[in-house]
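Enquirer:
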């Protein structure tokens, strides 16, 4: 009885070891096809992740149904479903951000007793 219980435990523990696969994710720019460096890849279920290297490649151990999120500054975030394939290519779409008008405001600390000047756009034009 003890040997059969031990053998069952060994069988199930080996099953758990093989449940995860190593996936290689390659992140590219959708318009140019160039690799995206320093893109963040995080698996939603486990919160494991890291950044892509200079070739836009990242290797991770995960289950076949895990969903990593790929994000990078200047690109739209994308969710990827891992399948049986060991290598997954993700093409990130550039995010067009319209920042509108930019207003620069400057302030400074003036020691007590000195005259303070007020900055306004009209003063800058003179």
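Residue numbers (our numbering): 142 to 267. All residues carry an ideal CB built from backbone N, CA and C; glycine is no exception. If you're wondering where the values come from, they're calculated on a predicted model, not measured in any experiment.
Assign residue 180 to one of two classes, buried (16 or more other C-beta atoms within 10 Å of its C-beta) or exposed (fewer than that).
Expert: Mapped onto the chain shown, residue 180 falls at position 39. The residue is buried, with at least 16 neighbouring Cβ atoms inside 10 Å.
Enquirer: Can you tell me where the beta strand (DSSP E) with residue 167 in it begins and where it stops?
Expert: Locating residue 167 in the chain shown gives position 26, counting from the first residue. That run of the beta strand (DSSP E) goes 162-170.
Enquirer: Measuring alpha carbon to alpha carbon, tell me which residue in 237, 233, 175 and 225 is nearest residue 207.
Expert: What you label residue 207 is simply residue 66 of the chain shown in a count that begins at 1. Per the Cα distances, 225.
Enquirer: If you compare alpha carbons, which of 142, 235 and 177 is closest to residue 166?
Expert: For the purposes of this step, residue 166 is identified with residue 25 of the chain shown, where counting begins at 1. Cα-wise, what sits closest to residue 166 is 177.
Enquirer: With a Cβ-Cβ cutoff of 8 Å, do residue 190 and residue 182 count as a contact?
Expert: Against the chain shown, residue 190 aligns to sequence position 49. Against the chain shown, residue 182 aligns to sequence position 41. In contact: residue 190 and residue 182 (Cβ atoms closer than 8 Å).
Enquirer: Just checking my contact of residue 203 with residue 223 at CB under 8 Å: how many whole Å lie between their CB atoms?
Expert: If you number the chain shown from 1, residue 203 lands on position 62. If you number the chain shown from 1, residue 223 lands on position 82. At roughly 6 Å, the Cβ-Cβ gap stays under 8 Å, so residue 203 and residue 223 are in contact.
Enquirer: Are residue 163 and residue 227 touching if we call contact CB-CB under 8 Å?
Expert: Position 22 of the chain shown holds residue 163. Position 86 of the chain shown holds residue 227. Result yes, Cβ atoms of residue 163 and residue 227 sit closer than 8 Å.
Enquirer: Do residue 231 and residue 211 come within 8 Å of each other at the CB atom, strictly closer than that value?
Expert: The residue given as residue 211 occupies position 70 in the chain shown. The residue given as residue 231 occupies position 90 in the chain shown. Closer than 8 Å, so yes.
Enquirer: Can you give the beta carbon distance from residue 201 to residue 184, rounded, assuming they're within the 8 Å contact cut?
Expert: Within the chain shown, residue 201 is the residue found at index 60, counting from 1. Within the chain shown, residue 184 is the residue found at index 43, counting from 1. That pair is a contact at about 7 Å.
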